[in-house]
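Participant: Pasting in a structure now, in structure tokens, and then I'll have a few things to ask.
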Amino acid sequence: MALADHVHDAGRVIDLIDNKAEGLRREIAELKVGSRPEAIVTVELRASEAQDLTNHLKTELKDANRRRESLEMELDNSRLLLTNSQEQLKDVWARGRVMEDELLKMTCAMEGLRVELPKEAIPEYKKSVSFEMGLVQTGQVSYEYGYRFALARFQAR
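Each residue of the sequence shown is one higher than the last, beginning at 1 in UniProt numbering.
Listed below in structure tokens is the structure:
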């Protein structure tokens, strides 16, 4: 904004100088009608200097306007890049939240399995043949499993 204000102010100054140069030209024309040649040369010199300054300032104003336009284009590009970056960041945050939710669900499911698996595994193991054979071999068979011969063995001793 400051650059645009500066360019606008420079434009007003150039207009004022241009008006001053125009006034000097009119003054020259009036002096030519009824003045001395030295005064005419002096006024023409001042008018020429004012015109040179005006031309120089107009050139600088054009350059400043080109720089301003270039900077505005760069600003627009930067804003576009910023908008794209913000959208990408939002997408990444959303994916991160979804992944955190999935991780939490998986963790809860894993904890549930840690509790349920031993409860299921023990009865299944007790139903297995290897468990029953181990009880028979150690002599720890009970009525619960239907092995009465272990009782007979103990009575025979």
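For glycine and all other residues, C-beta sits at the position ideal for the given N, C-alpha and C.
What separation, rounded to the nearest whole angstrom, lies between the Cα atoms of V43 and L24?
Facilitator: Position 43 of the sequence shown holds residue 43. Position 24 of the sequence shown holds residue 24. Going by the C-alpha atoms only, they are around 7 Å apart.
Participant: In three-state DSSP terms, what is S128?
Facilitator: Translated into the one-based positions of the sequence shown, residue 128 becomes position 128. It is coil, neither helix nor strand.
Participant: What three-state label does DSSP hand R26 in the structure shown?
Facilitator: In the sequence shown, residue 26 corresponds to position 26, counting from 1. Here R26 sits in helix by DSSP.
Participant: Using only the alpha-carbon positions, how far apart do L61 and R95 sit?
Facilitator: One-based indexing of the sequence shown puts residue 61 at position 61. One-based indexing of the sequence shown puts residue 95 at position 95. For L61 and R95, the distance between alpha carbons rounds to 51 Å.
Participant: Assign R36 to one of three DSSP states: helix, strand, or coil.
Facilitator: One-based indexing of the sequence shown puts residue 36 at position 36. Reduced to three states, the DSSP call for R36 is coil.
Participant: Rounded to the nearest angstrom, what separates M106 and Q88 at their Cα positions?
Facilitator: Counting from 1 along the sequence shown, the entry for residue 106 is found at position 106. Counting from 1 along the sequence shown, the entry for residue 88 is found at position 88. About 27 Å.
Participant: Counting pairs of beta carbons, one from the segment 43–59 and one from the segment 98–105, are three or more of them closer than 8 Å?
Facilitator: Touching, no, given that fewer than three Cβ pairs across the two stretches are closer than 8 Å.
Participant: Just the Cα atoms here: how many angstroms apart are D63 and W93?
Facilitator: Position 63 of the sequence shown, counted from the start, is the residue given in the question as residue 63. Position 93 of the sequence shown, counted from the start, is the residue given in the question as residue 93. Distance between the alpha carbons of D63 and W93 is about 44 Å.
Participant: Go ahead and label T54 buried or exposed: buried means 16 or more other beta carbons lie within 10 angstroms of its beta carbon, across all protein chains shown.
Facilitator: For this step, residue 54 is matched to residue 54 along the sequence shown. Burial call: buried.
Participant: For residue 158, count neighbouring C-beta atoms within 10 Å of its own C-beta (all shown protein chains included) and say buried if the count is 16 or more, exposed if not.
Facilitator: Since the first and last residues shown for the chain are 1 and 157, residue 158 lies out of range.
Participant: Would you report the Cα separation of K58 and I14, rounded to the nearest angstrom?
Facilitator: Numbered from its first residue, the sequence shown carries residue 58 at position 58. Numbered from its first residue, the sequence shown carries residue 14 at position 14. When rounded, the distance between both Cα atoms is 7 Å.
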